[in-house]
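S.K.:
Chains as they are written, first to last, in the working numbering: chain A, -11 to 195; chain H, -11 to 195.
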């Protein structure tokens, strides 16, 4: 199909498609004349994925490139799907908050028995986000963080159970699933807050 | 303090401070001469909050304005802190994915016994995010969504338990806490995925 059809099919403006082509996120079409190129369903699928990562996942172009690189070419030497996926998700390092000493957070994570190590980018992300809460006047002590961690462990159990067998597709599923489920979890959280507070208020409920 | 000091104290560039002043997010300083104005600690605190909402929370200017309006002036007629907070958090409606029929999602939420109603913006957000997963090739069936919802209900219990008494501060805590905890929960999720998958792989762990 021509670029105009690709745009119509995917609902992505032509200018945006050209930008993704220039940035190398979308592979070039098959040249069909001096001025036109031909695109196939693979291009449409890739385009929809990029849009989902950018719009729903809130990723920047650099993060999208990293995610696509991991999905396109999972390192066959690395059998650990999850750490491959996590590298793609955290490669940019913490943004938005100043760097902070990771030591107390490291100690807290280690005390939980969660695996971590020096230079762990996820730990840095947690440290920055935790510090940003404090900076915004939201005090979260270690006990409360522990309660959150217990709850999130349940979420992670559902995540891990959904990982399919077979390395290539597993990486794809973990990376995209982790990103795309974030807004779903955010909406569930708001709905669940409402449910919990209605129940606490002692109104009759269905259980 | 002068605007240059305010900038130095908060690590926010002067141009950005002027932008927030023009947009009305930050109240004007007390005019101290024809060309200078004086800012106090309240300005610095407000500025840090705006930066946290924008950078860590990923909010746009319109959403920040909505959140600040609710925090500054919680409607005294509305005793329901949570729904006030949720209105501020969802006022923009779903962005990034096309509008989708809310009916199946409504049925699913109603079947769980979670409170909802027609035109519920949180439900729309859930519907859009769920549809975006499917569009990105991540199939999430109702059973799996139920497992996620069970886990997130745990998170919401911790959220609700942290709501302080007293309407004004409660709104502030719920709105800012909900936004600022999102990146914390995301990082915990990655750490917990690792923990769960290590345990599943049968490696020895500390419990």
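Using N, Cα and C, we set each Cβ at its ideal position, and we do this for glycine too.
#1: Please return the same chain residues whose Cβ sits closer than 8 Å to the Cβ of residue 166 of chain A, not counting the five positions on each side in sequence.
#2: Across which residues does DSSP place residue 25 of chain H in a beta bridge pair?
#3: Listing by chain order, which chain A residues have their CB less than 8 Å from the CB of residue 36 of chain H?
#4: Thinking residue 114 of chain A and residue 13 of chain H are a contact (beta carbons under 8 Å), I'd like their distance in whole angstroms, please.
#5: Could you name the residues of chain A that residue 96 of chain H contacts, counting a contact when the two beta carbons are closer than 7 Å?
#6: Check the Cβ-Cβ distances between residue 15 of chain H and every residue of chain A, and say whether any is below 8 Å.
#7: Starting from residue -10 of chain A, trace the alpha helix (DSSP H) in both directions and tell me its first and last residue.
#8: Among the candidates A:26, A:150 and A:32, whose CA atom is the shortest distance from the CA of residue 127 of chain H?
#9: Output yes if chain H places a C-beta closer than 8 Å to the C-beta of residue 141 of chain A; else output no.
#10: Please confirm whether residue 40 of chain H and residue 168 of chain H have their CB atoms less than 8 Å apart.
#11: Residue 60 of chain H versus chain A: which residues are under 7 Å apart at the beta carbon?
#12: Please state if the CB of residue 141 of chain H and the CB of residue 180 of chain A are separated by a distance shorter than 8 Å.
#13: Under the three-state reduction of DSSP, which class applies to residue 147 of chain H: helix, strand or coil?
#14: Give the straight-line distance between the Cα atoms of residue 61 of chain A and residue 42 of chain A, rounded to the nearest whole angstrom.
#15: Please report how far the alpha carbon of residue 112 of chain A lies from the alpha carbon of residue 26 of chain A, in whole angstroms.
#16: Taking 8 Å as the CB-CB cut-off, is residue 9 of chain A touching chain H?
#17: Kindly list, in the order they appear in chain H, the residues whose Cβ is closer than 9 Å to that of residue 164 of chain A.
#18: Report buried or exposed for residue 44 of chain H, applying the criterion of at least 16 other Cβ atoms within 10 angstroms of its Cβ.
M.R.: To lay it out plainly:
#1: 73, 77 and 147
#2: H:19
#3: 123 and 124
#4: Contact flag wrong, Cβ pair sits at about 28 Å.
#5: Near residue 96 of chain H there are no residues of chain A at all, since even the closest Cβ is about 11 Å away, more than 7 Å.
#6: no
#7: Segment: none, residue -10 of chain A is in no alpha helix (DSSP H) and carries neither H nor E.
#8: A:150
#9: yes
#10: yes
#11: Within 7 Å Cβ-Cβ: nothing; residue 60 of chain H doesn't reach chain A, min ~14 Å.
#12: yes
#13: helix
#14: 20 Å
#15: 44 Å
#16: no
#17: 121, 124, 125 and 126
#18: buried
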